[in-house]
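Chemist: After the structure tokens below, expect a handful of questions from me.
Number of protein chains: 2
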Amino acid sequence: MALNHAKVFKQPIKALLLDISGVLKDGDIPIQGSVEAVRTLQTMGFPFRLITNETLKPKSTIRNTLQMLGYKVNEQDMQCPVPFLKEILIRENLRPHLLLHPRMFAEFDGMDLSNPNCVVMGDAEEYFHYDSLNQVFRKLMDMQNPILFSLGINKYYLDDDGLSMDVGAYCKGIEYATGVKARIVGKPSKEYFLKAVDALGFKPEEVVMIGDDIEYDVGGAQECGLRGVLVKTGKFRQSDESHPKIKPDAIVDNLQQFVDMCIKVQDSKQQ
Amino acid sequence: MALNHAKVFKQPIKALLLDISGVLKDGDIPIQGSVEAVRTLQTMGFPFRLITNETLKPKSTIRNTLQMLGYKVNEQDMQCPVPFLKEILIRENLRPHLLLHPRMFAEFDGMDLSNPNCVVMGDAEEYFHYDSLNQVFRKLMDMQNPILFSLGINKYYLDDDGLSMDVGAYCKGIEYATGVKARIVGKPSKEYFLKAVDALGFKPEEVVMIGDDIEYDVGGAQECGLRGVLVKTGKFRQSDESHPKIKPDAIVDNLQQFVDMCIKVQDSKQQ
Chain D
1 MALNHAKVFK
11 QPIKALLLDI
21 SGVLKDGDIP
31 IQGSVEAVRT
41 LQTMGFPFRL
51 ITNETLKPKS
61 TIRNTLQMLG
71 YKVNEQDMQC
81 PVPFLKEILI
91 RENLRPHLLL
101 HPRMFAEFDG
111 MDLSNPNCVV
121 MGDAEEYFHY
131 DSLNQVFRKL
141 MDMQNPILFS
151 LGINKYYLDD
161 DGLSMDVGAY
171 CKGIEYATGV
181 KARIVGKPSK
191 EYFLKAVDAL
201 GFKPEEVVMI
211 GDDIEYDVGG
221 AQECGLRGVL
231 VKTGKFRQSD
241 ESHPKIKPDA
251 IVDNLQQFVD
261 MCIKVQDSKQ
271 Q
Chain C
1 MALNHAKVFK
11 QPIKALLLDI
21 SGVLKDGDIP
31 IQGSVEAVRT
41 LQTMGFPFRL
51 ITNETLKPKS
61 TIRNTLQMLG
71 YKVNEQDMQC
81 PVPFLKEILI
91 RENLRPHLLL
101 HPRMFAEFDG
111 MDLSNPNCVV
121 MGDAEEYFHY
131 DSLNQVFRKL
141 MDMQNPILFS
151 LGINKYYLDD
161 DGLSMDVGAY
171 CKGIEYATGV
181 KARIVGKPSK
191 EYFLKAVDAL
201 GFKPEEVVMI
211 GDDIEYDVGG
221 AQECGLRGVL
231 VKTGKFRQSD
241 ESHPKIKPDA
251 IVDNLQQFVD
261 MCIKVQDSKQ
271 Q
């Protein structure tokens, strides 16, 4: 790729949004070059923020994992769906029924979970089963004004043993059975992307999102006026390169390659 | 309802298609008046055929249950999805991976299930779980030309303890995650309705379908040129009466009421 001609470099890049799973790490394994790439950004003082749809683990656990893998990041650098959701629940006086991995329940300590008036679904792995899904279905069918939140709407993610279905698949099934359209908390919701952009202190057109999900990282960011870069790590599949609708502003082997390109472009402009 | 003015009676009715669950029985309990109604049809020599999306039990078991409840019907009177599917699999040289209730596996005895080149989903109750769904997802993602069959696409059915999600919800999730559109075997597929109409020896416009599923019994039949009658038994919900798109040709309390109306209309025309 001729660097200066790559679509993504046509405007200056002032800050980055980085997906975590598939960009920084796969499960508990760092992606080659990504620890160094993040260190480079930090050394250069280049603003970035981690933005994830991860709901299998609390934010503090994700931070611990990242630190263990060598990333010098803290919770202020990260945006996760659950804290964002909790703000909405409080603002709208909602009492959720939770279909989440049980290790997430403690995040809701102190919230009123009695007599639920909404349902929250996040990735739940083996806790997605006939009884838990049927319970969600029945609760929504019984509500006068059913409200369903989905923490992301991703189709699948890269698990230790291959691709695995994500919350989006289960949520679409519930939507179909109940006729209730889910409110998405996480990428690709505009609210969620713009909160991260605001936290960086830039405008959407100054920021580039880097992720392994062609639809919800790349396409979602583009819908919000950001540029979207697809990495060929994580759950990337060859067919993503010829997606019928979404054309990434760049496709790179991995985060490190993109960060190296940024530096070269910047250097060439300074010469 | 003024009988002669009901939309359904504007053309002569020459034969009936009857749904089983929600019209003849709920679980293992006969619906009030339905045993008598079927007996009336048989006494009058009025042609009818039972058409179901039931895939939790083999055809022979459904027949046994119906006979035990007092229905004098046999397998030739019934159309079920699995035998219909098996004809397709044989015709198209397909080797299915099955996501079905294990009690259905014997129905596939003698078929080649090795190295599957398609997936079949039917209602599986508690056998819908993270592993079985993920397995289906992965098999489809790995196939060069993925083929997915769904035995019906119903949203929910009336279970012993309330409404329960049906295969349609799980199938829609799989469709979303994989991007593969399911081929439906069962109502509301045109092929399936027309096979039942053919077996009766009439034209679609001469036949009335009676069911408790506003979309797939009533709407599905109407799409095929039959008339569709909704019963207020089984999974019927008040909101079905004001469905935004589907207007049944009649809405009746139960099968017996409809059969009685048929007789009265016929009598009044003979006078």
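Chains as they are written, first to last, in the numbering used here: chain D, 1 to 271; chain C, 1 to 271. Backbone N, C-alpha and C fix where the C-beta goes; we use that ideal spot for every residue, glycine too. Please read all numbers here as calculations on a predicted model, not as lab measurements.
(1) Of the choices C/Leu-17, C/Pro-12, C/Gly-27, C/Ile-13, whose alpha-carbon is the least far from that of C/Leu-163?
(2) So C/Ala-169 contacts chain D; which residues on that side make the cut at Cβ distance below 8 Å?
(3) Are any of the Cβ atoms in chain C nearer than 9 Å to that of D/His-129?
(4) What is the DSSP secondary structure of D/Met-143, reduced to helix, strand or coil?
(5) Suppose contacts are defined by Cβ-Cβ distances below 9 Å. Is D/Gly-22 in contact with D/Asp-142 by that definition?
(6) Does any CB atom of chain D fall closer than 9 Å to the CB of C/Tyr-216?
(7) Just the Cα atoms here: how many angstroms apart are C/Phe-9 and D/Glu-126?
(8) So within the region 1 to 70 of chain C, which uninterrupted alpha helix (DSSP H) runs reach at least 4 residues, ignoring any that extend past its ends?
(9) Nearest CA to the CA of C/Phe-137: which residue from D/Tyr-157, D/Glu-241, D/Cys-224?
(10) In the DSSP assignment, the beta strand (DSSP E) including D/Asp-159 goes from what residue to what residue?
(11) Output the residue ranges of the alpha helix (DSSP H) runs that lie fully inside the region 114 to 143 of chain C and measure 4 residues or longer, sorted by chain position.
(12) Report the option in C/Ile-153, C/Val-218, C/Thr-178 whose CA atom is closest to the CA atom of C/Asp-166.
(13) Use the C-beta contact count for D/Ser-60: other C-beta atoms within 10 angstroms, 16 or more gives buried, fewer gives exposed.
(14) Can you list, in chain order, the residues of its chain with a C-beta nearer than 6 Å to that of C/Asn-4? Leave out the 5 residues immediately preceding and following it.
(15) Return the residue from the list D/Leu-230, D/Leu-151, D/Ser-239 that minimises the CA-CA distance to D/Ser-189.
(16) Less than 9 Å between CB atoms is the rule here; does D/Glu-241 satisfy it with respect to chain C?
(17) Out of D/Ile-90, D/Glu-92, D/Gln-222, D/Asp-159, point me to the one whose CA is closest to D/Asp-123's CA.
(18) Just checking my contact of C/Gln-262 with C/Ile-20 at CB under 8 Å: how many whole Å lie between their CB atoms?
(19) Going by beta carbon distance, what residues of the same chain come within less than 6 Å of D/Gly-33, once the five residues before and after it are set aside?
(20) Thinking just about the alpha-carbon of each residue, which of C/Arg-183, C/Gly-220, C/Thr-233 is nearest to the one in C/Ile-246?
(21) Compare the C-alpha of C/Ala-177 against each of D/Ala-182, D/Ala-169, D/Gly-173, D/Ala-177 and name the closest.
(22) Is the Cβ of C/Gly-211 closer than 9 Å to any Cβ of chain D?
(23) Give the single residue among D/Val-265, D/Asp-109, D/His-97 whose Cα lies nearest to the Cα of D/Lys-7.
(24) Measuring CA to CA, which of C/Pro-30, C/Ile-29, C/Glu-54 is closest to C/Gly-186?
(25) Does the Cβ of D/Leu-113 have 16 or more other Cβ atoms within 10 Å, making it buried, or fewer, making it exposed?
(26) List the endpoints of the continuous alpha helix (DSSP H) containing D/Leu-200.
(27) Using only CA atoms, which one of C/Leu-85, C/Glu-205, C/His-243 lies nearest to C/Arg-227?
(28) Give every residue of the same chain whose Cβ lies closer than 7 Å to the Cβ of D/Leu-85, excluding the five residues on either side of it in the sequence, and list them in chain order.
(29) So for C/Val-231, helix, strand or coil by DSSP?
(30) Whose C-beta lies closer than 8 Å to the C-beta of C/Glu-75 among residues of the same chain, with five residues either side of it excluded?
(31) Apart from the five residues just before and just after D/Pro-30, which ones in its own chain have a Cβ nearer than 6 Å to its Cβ?
(32) Cutting at 6 Å between CB atoms, please list the residues of its own chain near C/Ile-147, excluding the five before and the five after it.
(33) Taking C-alpha atoms, which residue in C/Lys-57, C/Met-78, C/Leu-66 lies nearest to C/Pro-47?
(34) Distance, Cα to Cα, C/Glu-175 vs D/Pro-248?
(35) Starting from D/Val-265, follow the alpha helix (DSSP H) in both directions and report where the run begins and ends.
Modeler: Reading from the atomic positions:
(1) C/Gly-27
(2) Leu-133, Phe-137, Gly-173, Ile-174, Tyr-176, Ala-177
(3) yes
(4) coil
(5) no
(6) no
(7) 52 Å
(8) 34 to 44, 59 to 68
(9) D/Tyr-157
(10) 156 to 159
(11) 130 to 142
(12) C/Ile-153
(13) exposed
(14) Reliability of the predicted coordinates at C/Asn-4 is poor, the pLDDT of 48 falling under 50, and no value is obtained from them.
(15) D/Leu-151
(16) no
(17) D/Asp-159
(18) The amino acid occupying residue 262 of chain C in the given sequence is Cys; Gln does not appear at that position. Going by Cβ atoms, the distance from C/Cys-262 to C/Ile-20 rounds to 19 Å, so no, they are not a contact pair.
(19) Asn-254, Gln-256
(20) C/Gly-220
(21) D/Ala-169
(22) no
(23) D/Val-265
(24) C/Glu-54
(25) exposed
(26) 190 to 200
(27) C/Glu-205
(28) Val-120, Phe-149, Leu-151, Val-185
(29) strand
(30) Lys-59, Ser-60, Arg-63
(31) Leu-69
(32) Cys-118
(33) C/Met-78
(34) 24 Å
(35) 255 to 270
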